[in-house]
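**Q** Sharing a structure, written as structure tokens. Questions coming.
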């Protein structure tokens, strides 16, 4: 019996298991010979010890209660549930709702992230532009590379979405395309070379989404970045 089949059989035999969620490469159809199964088991609090954390070459298992699963405060782990597969749901669709809560930001969350990420993106680009202006192209390139994370986070947040892990960026864009021109612009094979040239379009999108105040707060520095982006 395969490791995931054994896990599901054990879960179905345990009345304290409320659900089983498959994430990672296996859930997204991207598994390779080296991929393990990433599984979240939703259990009653009394079963947490019984379903303790397991990490092997074939299985990465984490156990949480429904209350713990409902906590969306840890931003970095939320994308893990994008495209997740529900293997068991004894909560009448409640496990699926918890997965959706993790993987789909609220409008308020997306708006707040958009402001924060946009500000970080501008800050990093400003550093890059200054470094290049002052004769430090190597430092400028490092700043541009560092700004990629903020570009991605900003554009996805402006569209009400979580930034994908780099490993799944191509999958995300193919499975859930963004409006043009963003799907092509953010392609992983090109995006690292476009962090500066994409800024005018990001700025325009941000203003349409009501975040002009973030850009205006940078005063004349925005003009410096726009000039460099041309």
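Residue numbers (the UniProt record's numbering): 1 to 230. Even for Gly, the Cβ is constructed at its ideal location relative to N, Cα and C.
So residue 88 and residue 8 are supposed to be a Cβ contact under 8 angstroms. How far apart are they, rounded?
**A** 7 angstroms
**Q** Would you mind giving the Cβ-Cβ distance between residue 126 and residue 14, rounded to the nearest angstrom? I have them listed as a contact below 8 angstroms.
**A** That belief does not hold up - the Cβ atoms of residue 126 and residue 14 are roughly 54 angstroms apart, past 8 angstroms.
**Q** Whose C-alpha, out of 31, 18 and 57, is nearest the C-alpha of residue 40?
**A** 18
**Q** Near residue 58, which residues of its chain fall below 8 angstroms by C-beta distance, leaving aside the five closest residues on each side in sequence?
**A** 3, 36 and 37
**Q** Counting C-beta neighbours from all protein chains within 10 Å, is the total for residue 154 16 or more, i.e. buried, or is it exposed?
**A** buried
**Q** Report the CB separation of residue 86 from residue 96 in whole angstroms; it is logged as a contact under 8 angstroms.
**A** 5 angstroms
**Q** Rounded to whole angstroms, how far is the Cβ of residue 54 from the Cβ of residue 122, which I believe are closer than 8 angstroms?
**A** Actually they are not in contact, since the Cβ atoms of residue 54 and residue 122 sit about 43 angstroms apart, beyond 8 angstroms.
**Q** Quick one: Cα of residue 45 to Cα of residue 65, how far?
**A** 6 angstroms
**Q** Express the C-alpha separation of residue 229 and residue 199 in angstroms, rounding to a whole number.
**A** 7 angstroms
**Q** Tell me the DSSP secondary structure of residue 210 in three-state form.
**A** The answer is coil: DSSP assigns residue 210 none of H, G, I, E or B.
**Q** Check whether the Cβ atoms of residue 195 and residue 119 lie closer than 8 angstroms to each other.
**A** no
**Q** Give the straight-line distance between the Cα atoms of residue 174 and residue 203, rounded to the nearest whole angstrom.
**A** In a straight line, the C-alpha of residue 174 is about 24 angstroms away from that of residue 203.
**Q** Can you say whether residue 76 is buried or exposed, counting buried as having 16 or more other CB atoms within 10 angstroms of its CB?
**A** exposed
**Q** Looking at the secondary structure, which residues open and close the alpha helix (DSSP H) in which residue 24 lies?
**A** 24 to 28
**Q** Anyone know if the C-beta pair for residue 103 and residue 152 falls short of 8 angstroms?
**A** Residue 152 is positioned such that its CB atom lies no closer than 8 angstroms to that of residue 103.
**Q** Quick one: what's residue 62 bridged to in DSSP?
**A** 40
**Q** So which of 34, 83, 179 and 197 has the shortest CA-CA distance to residue 147?
**A** 197
**Q** Could you check the C-alpha separation between residue 84 and residue 6 for me, to the nearest Å?
**A** 19 angstroms
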